[in-house]
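Chains as they are written, first to last, in this note's numbering: chain C, 446 to 556; chain B, -3 to 109.
Structure (structure tokens):
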């Protein structure tokens, strides 16, 4: 079955790097996603990684995937106040669009 | 290209009433999925529609239903509302139904009194 776990809260100083972690249990997951949700808003797709990749970099974002440990992380370099939000990891598998989400990780950036 | 739009953005209903929420996908997208977000349960998948057919369904009671029109717009309906149905309902669209990247709308916040 699908079960995605995330830690709940992270505070970071502006300019530092943030690392958010996620674990998943479904080894058949083929796509893993990171979404950002700001207060009162929907989900914004940040980045995604295919399960046959170990790493993906997209500007300030770096995604690392450890398939053996079923561990996914998102590193945000040079964290800005606009990065304050809740970050969700999600997985999909079985060739369909059904996403299983973690509980989210709230990131607070301190100026 | 315009993003996913959802109407209404906010809604207040009372127990026992029914509600219909609407979602217009990104132009050219044919798959629409619905999710419920609550503080207690987090984000949970409701159902997905593609080419006017329900492709997947989450673990929700039959009071939750949906449909998709020929222009890919989708509606979801909740009948006999309960207090626990208070949530943010999010719609996501993608080009097709096979593990495509999904783009979310701003959501409809439903409060049941």
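All C-beta atoms, glycine included, are put in the ideal place defined by N, C-alpha and C. The structure presented is a predicted model; accordingly, all values stated were derived computationally and were not measured.
Query, Result
"I need the boundaries of the beta strand (DSSP E) containing residue 550(C), first residue and last residue.", "550 to 555"
"Sort out for me which residues DSSP pairs residue 108(B) with in a bridge.", "9(B)"
"When you compare only the Cα positions, how much space is there between residue 557(C) and residue 520(C)?", "Outside the shown range of chain C (446 to 556) lies residue 557(C), about which nothing can therefore be said."
"Whole-angstrom Cβ separation of residue 513(C) and residue 469(C), contact assumed at under 8 Å?", "Between residue 469(C) and residue 513(C) the Cβ distance is about 12 Å, and since that is not below 8 Å, they are no contact."
"Considering only C-alpha positions, which residue in the set 40(B), 62(B), 46(B) is nearest to residue 55(B)?", "40(B)"
"Once DSSP output is grouped into helix, strand and coil, what is the label at residue 528(C)?", "helix"
"By Cβ distance, which residues of its chain are closer than 7 Å to residue 554(C), with the 5 residues on each side in sequence left out?", "457, 459, 524, 525, 526, 528, 529"
"Taking 6 Å as the limit between beta carbons, can you name the residues of its chain near residue 44(B), skipping five residues before and five after?", "29, 51, 52"
"Is residue -2(B) buried or exposed, if buried means 16 or more other CB atoms sit within 10 Å of its CB?", "exposed"
"Excluding the 5 residues preceding and the 5 following residue 517(C) in the sequence, name in chain order all residues of the same chain whose CB lies nearer than 6 Å to its CB.", "467, 477, 510, 534"
"Please name the residue or residues paired with residue 1(B) in a DSSP beta bridge.", "20(B)"
"By DSSP, does residue 79(B) sit in helix, in strand, or in coil?", "helix"
"What are the boundary residues of the beta strand (DSSP E) that residue 44(B) is part of?", "38 to 46"
"For the putative contact between residue 105(B) and residue 5(B), defined by C-beta atoms under 8 Å, what is the C-beta separation to the nearest angstrom?", "7 Å"
"For residue 449(C), which option in 537(C), 483(C), 492(C) has the closest C-alpha, if you only look at C-alpha atoms?", "537(C)"
"What residues of chain B sit near residue 541(C), judged by a beta carbon separation below 9 Å?", "44, 51, 52, 93, 94, 95"
"Would DSSP call residue 503(C) helix, strand or coil?", "strand"
"Shortest alpha-carbon distance to residue 48(B) belongs to which of 65(B), 59(B), 58(B), 33(B)?", "65(B)"
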